[in-house]
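Protein chains in written order, with this note's numbering: chain C, 1 to 313; chain B, 1001 to 1201.
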């Protein structure tokens, strides 16, 4: 199932979030074992987003069943808020992503400082449903809102010697309790080759489920690179820098044997400590086979035709 | 402590030892284990296996330090609960996580050091659990039985490594367990060394 055709129904059109949250609440409170009642989960809505108006269907996406909003927003790897997957939802309330600005610089003709409003108005917002495959062996289907990162890139006009793009996540001890512990080299950085960054599937995302991004999902602005393992999609970005040499990401410097620069989803190249051949789709019991490039091969395989995927993992 | 009091204590401990399992099963049925309940259950059972193992290894030092010899009579139950949780942990991996995909399970055991060592510690637990009864002690004789059960020290080291090699990057939890194990084993080493030395005048 390649990511090609536009979705039949837009998540932002069909079920307003108040209603599906209400439904979940209803199902929970009527469930035989839900003795605690229905008030418990209201606290989880503290970081929920505001509606993003005027989004339109994007040219790419999958029609697979969406991972429920609750799972997308409570099972996250965002080490700036703690290393447990429940930590970001618990701790990201302190992020307070307003005001926000992204510095775009390096080897470009028109470097700039983009505040969030400018970014939101830069290009029409699209709904795009992508699979997200974590390097840990699980996956989700997430309806993102954003536009191709290339919309921004072409406006800043990269110079001829710009070959790579480096993304930097906010690094603020006061707002991100997790950066007090040295599990990774802060700030979190990630990188893409320029052609990967300009690929039409690479998204600059500002929302999910038709709303602004919850803090724990990388508010207010992040990238989404659907054919790479999830950690390549940097969250809460404050800087986008164009460089000549391949940047070293936080995960590469933490464990160079385990995390390479490319990190394309590949069922045939295992993580040194675990298999990547299958994945558990969140909400499903049986594992699925993992697809090369997370099912985006038709669009992206051409970029790697001359690359030894085992060597450049 | 009177025999009646002790048997009450033993019953209470037995029920207490089932608490973590009850909690995980309740979490599973009430959808409280988060977005990935199979992972949460498997890891929760693994966490408790390691905790029971460390509790079992804490009995001897506690008895020595406190002088309460009846503690020793609780050790077998804790050891058997260690095996019980290890068996459930392994079952959860084979059944829920891998769904009896023996090919993949075998590859995991052979290729993934953290799984190899976890599997080894599980296998080593089997003879210990099988001989945790008075008849086996009689049959084997105290000395042989004791040497066999010293394998638990290797099992504990393997179990901590299994945890350590599994975590992605944050080794805080494995390190806490490793430090606890080092303390429990270190006390034994200290006592053995001291016994070997002539008493100070």
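Every residue gets a Cβ at the ideal spot worked out from N, C-alpha and C, and that includes glycine. None of these values were measured; they are calculated from a predicted model.
Here's the rule: buried if 16 or more other CB atoms are within 10 angstroms of the residue's CB, otherwise exposed. What is residue i?
i               : result
residue 166(C)  : buried
residue 279(C)  : buried
residue 1108(B) : buried
residue 129(C)  : buried
residue 290(C)  : buried
residue 220(C)  : buried
residue 1102(B) : exposed
residue 181(C)  : exposed
residue 1211(B) : For residue 1211(B) there is no data in the structure shown, the boundaries of chain B being 1001 and 1201.
residue 257(C)  : exposed
residue 1005(B) : exposed
residue 1121(B) : buried
residue 241(C)  : buried
residue 1172(B) : exposed
residue 215(C)  : buried
residue 1146(B) : exposed
residue 310(C)  : exposed
residue 133(C)  : buried
residue 282(C)  : buried
residue 186(C)  : buried
residue 136(C)  : buried
List the DSSP bridge partners of residue i.
i               : result
residue 140(C)  : 132(C)
residue 1141(B) : Paired residue(s): none; residue 1141(B) is not in a bridge.
residue 165(C)  : 192(C), 242(C)
residue 208(C)  : 144(C), 211(C)
residue 264(C)  : 228(C)
residue 51(C)   : 211(C)
residue 203(C)  : 148(C), 224(C)
residue 158(C)  : 108(C)
Mapping the DSSP letters down to three states, classify residue i as helix, strand or coil.
i               : result
residue 1033(B) : coil
residue 1114(B) : helix
residue 274(C)  : strand
residue 44(C)   : With a pLDDT of only 41 at residue 44(C), under 50, the local geometry of the prediction cannot be trusted, and the value read off the model is given with reservation. Here residue 44(C) sits in helix by DSSP.
residue 102(C)  : strand
residue 1088(B) : helix
residue 60(C)   : coil
residue 222(C)  : strand
residue 26(C)   : Because residue 26(C) carries a pLDDT of 38, less than 50, the predicted location of this residue cannot be relied on, and the following value inherits that uncertainty. Helix at residue 26(C).
residue 280(C)  : strand
residue 37(C)   : Low per-residue confidence applies at residue 37(C): pLDDT is 34, beneath 50, and the placement is therefore not dependable enough to give any value.
residue 70(C)   : helix
residue 237(C)  : strand
residue 11(C)   : Low local confidence applies: a pLDDT of 48 at residue 11(C) is under 50, so the model's placement there is unreliable, and no value is given.
residue 1073(B) : helix
residue 291(C)  : coil
residue 187(C)  : coil
residue 1132(B) : coil
residue 1026(B) : helix
residue 1160(B) : helix
residue 1015(B) : helix
residue 1081(B) : helix
residue 249(C)  : coil
residue 171(C)  : coil
residue 304(C)  : helix
residue 65(C)   : coil
residue 21(C)   : Note that residue 21(C) scores a pLDDT of 47, beneath 50, so its modelled location is shaky; the value from the coordinates is reported in the next line. Correct three-state label for residue 21(C): helix.
residue 319(C)  : As shown, chain C starts at 1 and ends at 313. That puts residue 319(C) outside it, with no answer to give.
residue 1187(B) : helix
residue 1104(B) : helix
For residue i, decide whether its Cβ has a neighbour in chain D, counting only Cβ atoms nearer than 9 Å.
i               : result
residue 1113(B) : Here the protein chains are C and B, and chain D is not one of them.
Inset, instruction - Note down, in chain order, all residues in the stretch 289–310 of chain C with a beta-carbon under 9 Å from any beta-carbon belonging to chain B. - result: none
Legend entry - Interface residues of the stretch 201–212 of chain C facing chain B [CB-CB below 8 Å]: none
Legend entry - Continuous beta strand (DSSP E) assignments of at least 3 residues falling wholly in the stretch 1036–1066 of chain B: none
Legend entry - Those runs of the beta strand (DSSP E) which lie wholly inside the stretch 75–127 of chain C and span at least 3 residues: Given a length threshold of 3 residues, each whole run of the beta strand (DSSP E) inside the stretch 75–127 of chain C is given here in chain order: 101–106, 112–115.
Inset, instruction - Pull out every residue of the stretch 57–77 of chain C whose Cβ sits closer than 7 Å to any Cβ of chain B, in chain order. - result: Along the stretch 57–77 of chain C, the positions whose C-beta sits under 7 Å from a C-beta of chain B are 71, 74, 75, read in chain order.
Inset, instruction - Note down, in chain order, all residues in the stretch 1092–1110 of chain B with a beta-carbon under 9 Å from any beta-carbon belonging to chain C. - result: 1096, 1097, 1098, 1099, 1101, 1104, 1107, 1108
Inset, instruction - Pull out every residue of the stretch 1154–1170 of chain B whose Cβ sits closer than 9 Å to any Cβ of chain C, in chain order. - result: 1165, 1166, 1167, 1168, 1169, 1170
Inset, instruction - Using a Cβ-Cβ cut-off of less than 9 Å, give me the residues of the stretch 167–198 of chain C that come near chain B, in sequence order. - result: 181, 183, 184
Inset, instruction - Mind checking the stretch 135–157 of chain C against chain B and listing, in chain order, the residues whose C-beta falls within less than 8 Å of any C-beta there? - result: 136, 138
Legend entry - Selection of the stretch 230–254 of chain C by Cβ proximity to chain B, strictly under 7 Å: 254
Legend entry - Selection of the stretch 1117–1137 of chain B by Cβ proximity to chain C, strictly under 9 Å: none
Inset, instruction - Closer than 8 Å, Cβ to Cβ, to anything on chain B: give me those residues from the stretch 102–132 of chain C, in chain order. - result: none
Legend entry - Where the stretch 1028–1054 of chain B meets chain C: residues whose CB sits under 8 Å from a CB there: 1029, 1030, 1031, 1034, 1035, 1036, 1038, 1039
Inset, instruction - Return the residues of the stretch 273–285 of chain C that lie within a Cβ-Cβ distance of less than 9 Å from chain B, sorted by chain order. - result: Against chain B - using a Cβ distance shorter than 9 Å - the residues of the stretch 273–285 of chain C are 273, 274, 275, 277, 278, 280, 282, 283, 285.
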